[in-house]
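Data first, discussion second: the structure below is written as structure tokens.
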Amino acid sequence: MDSEHLIAELVRLNQTIAELTEQQGRIEMELVRIMINAGATSIPHPTHQVVLKTTLSYDPSRLHALRELIDPQELEDAGAYIPAHQQTVNVPEKWNLTHLKKFQKYGADVRKVIENAAYVQASKLTIKEKI
Numbered sequence: 012m013d014s015e016h017l018i019a020e021l022v023r024l025n026q027t028i029a030e031l032t033e034q035q036g037r038i039e040m041e042l043v044r045i046m047i048n049a050g051a052t053s054i055p056h057p058t059h060q061v062v063l064k065t066t067l068s069y070d071p072s073r074l075h076a077l078r079e080l081i082d083p084q085e086l087e088d089a090g091a092y093i094p095a096h097q098q099t100v101n102v103p104e105k106w107n108l109t110h111l112k113k114f115q116k117y118g119a120d121v122r123k124v125i126e127n128a129a130y131v132q133a134s135k136l137t138i139k140e141k142i
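Counting from 12, one number per residue, gives the positions in the sequence shown under this note's numbering.
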């Protein structure tokens, strides 16, 4: 296949994937709605295991009332509450290339070190329809 046909096929496949992903999302949302309305965490099925798992998160501002109900020191000792505090952490070195490139004016050796440090982290082919 030549590149024109490959590009056309890739564009067609990307459109199909987008449509299927959208359809998959709608079906999953409907199944979740059905399960929540039924108060179910599982749906019986002969060939597939269907389980709804929920992860809870908590609004910290609503938990403040616990400090009036339970001794705050007890909460801390149990590891249930960590009051706001400052921490000293080791931060690894970091290079800011935007600022570092200014030092290339110091000569070829500096430029060479900077250029040799560069590498391709990732590549992504993007094909968009022209408007």
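Here a beta-carbon is modelled for each residue, glycine too, at the ideal position from N, C-alpha and C.
Integer-rounded CB distance, given that residue j should sit under 8 Å from residue i
i: Leu63; j: Thr52; result: 5 Å
i: Leu86; j: Arg78; result: 7 Å
i: Ile54; j: Met46; result: 6 Å
Residue i - DSSP class collapsed to helix/strand/coil
i: Val102; result: coil
i: Ile47; result: helix
i: Ile81; result: coil
i: Ser68; result: coil
Terminal residues of the alpha helix (DSSP H) in which residue i lies
i: Glu126; result: Ala119 to Ala128
i: Gln97; result: No alpha helix (DSSP H) contains Gln97, which DSSP labels as neither H nor E.
i: His110; result: Leu108 to Leu111
i: Glu140; result: It is not in any alpha helix (DSSP H) - Glu140 carries neither H nor E in the DSSP assignment.
i: Leu71; result: Correcting the residue identity first, residue 71 is Pro in this sequence and not Leu. That run of the alpha helix (DSSP H) goes Pro71 to Leu74.
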